[in-house]
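Only one structure is covered here, and it is reproduced in the block below.
Chains as they are written, first to last, in my numbering: chain L, 2 to 193; chain E, 38 to 755.
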């Protein structure tokens, strides 16, 4: 009864579309975002944790490359009406995104972490190591000092899975499933 | 609510639906042509599809609701529409279900056919084979690295650089580097001189080395080339204080690398595809279901629309037929198209036109018939003869006005009733009805005269019966011939009286003169004893001749009918004048009681004779019966349906009129008196008839008679 099964699948998919799955997966989170003064500028150190859900790990092990995005932005509050009103518009002064691709190389039994901007690859024999390396932001250089005013600006970090980089058939499911919606919130780094 | 209704009537939803479908088609075609754009277009397509679906469901729901309402209120044509829609929907559902199930089946089979257990096994095996192939090489290279580390352990750190270069050349490695355990580069030798910084071993390698385990592994270089990475601790020989790591990157044979890469790619692709099988099927099924659902809903909606369009002219026809059935023959429908329904509508229009013409013709003929009936009725009504018709069941069908007048019975309430019933309600018609029933039983035309006793008067009717054609009954015509017979009788009597007067009056004068001469001439000559007898005899002759003369004069009067000299007179004065002549007798008591003065137009001389005759009759009747003479004269004005009358009544206190004489009282020689010619009342009747009046008598209980005279009062009629 393929028709029946298909109808069932369609129905389940529709139901999935209409109701979000309530069982939430653990989200990414960010620790110890610290800015240090380094010569003429600032550099950022932070630890990003990537607790992957079993669904994501399953995809990874089945050869699906997963793309991680790390967002960095400098924002400046901008009062909308007056200086003392609570309504504030955060103006983004500077922002950047670093994209990493993580995939499993079956022949070498290695997890390969590819920095998409530089095309630099790193090999890891275990997933945890790869994630740890991915999550370690070390001495990330911020724009030159004269552009930055630590008193009025704040540096915010956020990391997420790039669902649009997934293979097409997986996207609809990932878009509506919170198993894939595990982005971290914006975290503000501390000025030195 | 109103705006919602207006919106639901406007074509806006349909336009929106069309637009959405168009956009959806464009998006879908774009997405299928360039699959990379599907990522960006998926959500818009899905959203639009859902929106279209909702709009379509709304439209469909509205159509179905309208259909249900029509069906519920039994609107003409709704049953047929529902039947057509049900049929269409059934067809659509059956066909789409078949197509859908086959499509899903083929989809599953198509996608599942990409995968095969054997291929999967082969790929697994080839991967394992590759790993094994690299395993051998790994072991060789590890040994080689260990040997190199042994070489390095013999030399001081300052000479590492030279040794490394030699070792690089000897081993054919890509790069050799020496690291401290905390990740600091000591020295390195690279085959590629463009690269300055050597590749740093990652933390995992250091961790492994800390546990005194050497590392050898296959990995990918930045340019996606396979390479073998080895890291071993350089054995301590006492010269160096801290432990150092020799890190070597070996190239992999190009052919092997290429093969390995192929195996890796094929394996990964297959595995990914296998993993994506379920979501792929789901998404294809979902898309297919959405399209099928859209198609089905659109088809159902279209089925309703087309059914309505098909049924609409039929509905108009049904309405038209109903309208014709209720009598509106002018119904015309607008015909559309050249198909059978158009033909039907045109035929309907022709039919109604013909019906209208036929009805008009019927109305005209009906009007003609009515006119003829009215004409016939007018003719019958104006006839002085009575005309009645009875059918073969002896039901009274028609009776004209004259028939009611002649029979003195209103026949109109008795129409359509058995003729014999009339007899029970009106006894005086008994002989008339019996005669008719007897005569029509002979089934031939007949003619008969009959006497009817209408009150005290005798009525003579002349009846003729003729059977109607087609055994439809009888028509009976009758005339009141009473007056005619009376006139004939009067004429006969007049002739008799005139002759009598002429024949008898002539010899009477010589007889009287002779008797008088006899008395004068021979009375002195006869003896005295005989003279008295002679005198007596001649006197008798003279008296009898006188009496005969009177009688002859009466006859003469009766026979004479001079034209009336009408003049208006005062009735009271006139009667008083006549009464005055009778006042000389003291025992006679004659009174006049009249409430008002009346002026009547009569011939006074003739009417005076009437009064004299009536009074004389009354007095003589009372005197003969030795009764006191008390006569009361009165008059009054009475009105019947036709005109006003003067009713003059003369009452006496005499013995009354015997019953046997009642009907013949006014005929000549009808007298019970000792003296008299029997012409007094006949003359009265004649004069009254001449005045177009009537006269009759009634007996008064206990004693006396009453003579009533009615004269028309044209002048005083308002």
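All C-beta atoms, glycine included, are put in the ideal place defined by N, C-alpha and C. Quantities reported herein were computed from a predicted structural model and do not represent experimental measurements.
- Nearest CB-CB separation between residue 305 of chain E and chain L: below the 8 Å threshold.
- Uninterrupted alpha helix (DSSP H) stretches at least 4 residues long and entirely within the region 369-420 of chain E occur at 377-419, given in chain order.
- Rounded to whole angstroms, the Cβ separation of residue 489 of chain E and residue 456 of chain E is 16 Å, and the two are not in contact under 8 Å.
- Per the DSSP secondary-structure output, residue 112 of chain L pairs in a beta bridge with L:105, L:125.
- Using beta-carbon distances, residue 239 of chain E counts as an interface residue toward chain L, with a partner under 8 Å.
- Within the region 168-183 of chain L, the residues whose Cβ lies closer than 8 Å to any Cβ of chain E are, in chain order, 168, 169, 170, 171, 172, 173, 174, 176.
- By the beta-carbon neighbour count (other beta carbons within 10 angstroms, threshold 16), residue 124 of chain L is buried.
- Restricting attention to E:321, E:509, E:579, E:514, the CA atom closest to the CA of residue 480 of chain E is found in E:509.
- In this structure, the alpha-carbon of residue 378 of chain E lies about 32 Å from that of residue 94 of chain E.
- Of the candidates E:111, E:254, E:308, E:308 places its Cα closest to the Cα of residue 154 of chain E.
- Taking residue 631 of chain E as reference, the option from E:386, E:595, E:612 with the minimal CA-CA separation is E:612.
- For the pair residue 539 of chain E and residue 696 of chain E, the Cα-to-Cα distance works out to about 35 Å.
- Contacts between residue 123 of chain L and chain E, judged by CB atoms closer than 7 Å, involve 239 in chain order.
- Taking C-beta atoms under 8 Å as the contact rule, residue 596 of chain E and residue 531 of chain E qualify, at a distance of about 5 Å.
- The alpha-carbon of residue 253 of chain E is positioned some 14 Å away from that of residue 240 of chain E.
- Not flagged as an interface residue toward chain E: residue 117 of chain L, since no C-beta distance is shorter than 8 Å.
- Taking CB atoms only, residue 316 of chain E has a neighbour in chain L less than 8 Å away.
- With a contact defined as Cβ atoms closer than 8 Å, residue 183 of chain L and residue 162 of chain L qualify at about 6 Å.
- Per DSSP, reduced to three states, the secondary structure at residue 639 of chain E is strand.
- Among the CB atoms of chain E, none fall inside 8 Å of the CB of residue 139 of chain L.
- Residue 681 of chain E and residue 430 of chain E have their alpha carbons spaced roughly 43 Å apart.
- Residue 214 of chain E is positioned such that its CB atom lies closer than 8 Å to that of residue 235 of chain E.
- Beyond the five residues adjoining it in sequence on each side, residue 443 of chain E comes within less than 6 Å, by CB distance, of 423, 517 in the same chain, given in chain order.
- Beyond the five residues adjoining it in sequence on each side, residue 690 of chain E comes within less than 7 Å, by CB distance, of 659, 664, 665, 667, 740, 741 in the same chain, given in chain order.
- A straight line joining the alpha-carbon of residue 196 of chain E with that of residue 62 of chain L spans about 45 Å.
- Between residue 49 of chain E and the set E:96, E:301, E:87, E:150, the nearest pair of CA atoms involves E:96.
- Under the criterion of beta carbons closer than 8 Å, residue 601 of chain E and residue 407 of chain E do not qualify as touching, at roughly 47 Å.
- As a beta-bridge residue in DSSP terms, residue 432 of chain E pairs with E:455.
- Bounds of the alpha helix (DSSP H) holding residue 579 of chain E are 565-596.
- For residue 626 of chain E, the CB contacts under 6 Å within the same chain, skipping 5 residues up- and downstream, are 667 in chain order.
- By the CB criterion at 8 Å, residue 503 of chain E and residue 512 of chain E fall inside the cutoff.
- With a 10 Å radius around the Cβ and a threshold of 16 neighbouring Cβ atoms, residue 304 of chain E comes out buried.
- The Cβ atoms of residue 113 of chain L and residue 43 of chain L do not sit closer than 8 Å to each other.
- Under the Cβ distance rule, residue 291 of chain E does not count among the residues neighbouring chain L, no pair being separated by less than 8 Å.
- Contacts with chain L at 8 Å (Cβ-Cβ) do not include residue 131 of chain E.
- Scanning L:95, L:85, L:100 for the CA closest to the CA of residue 155 of chain L turns up L:95.
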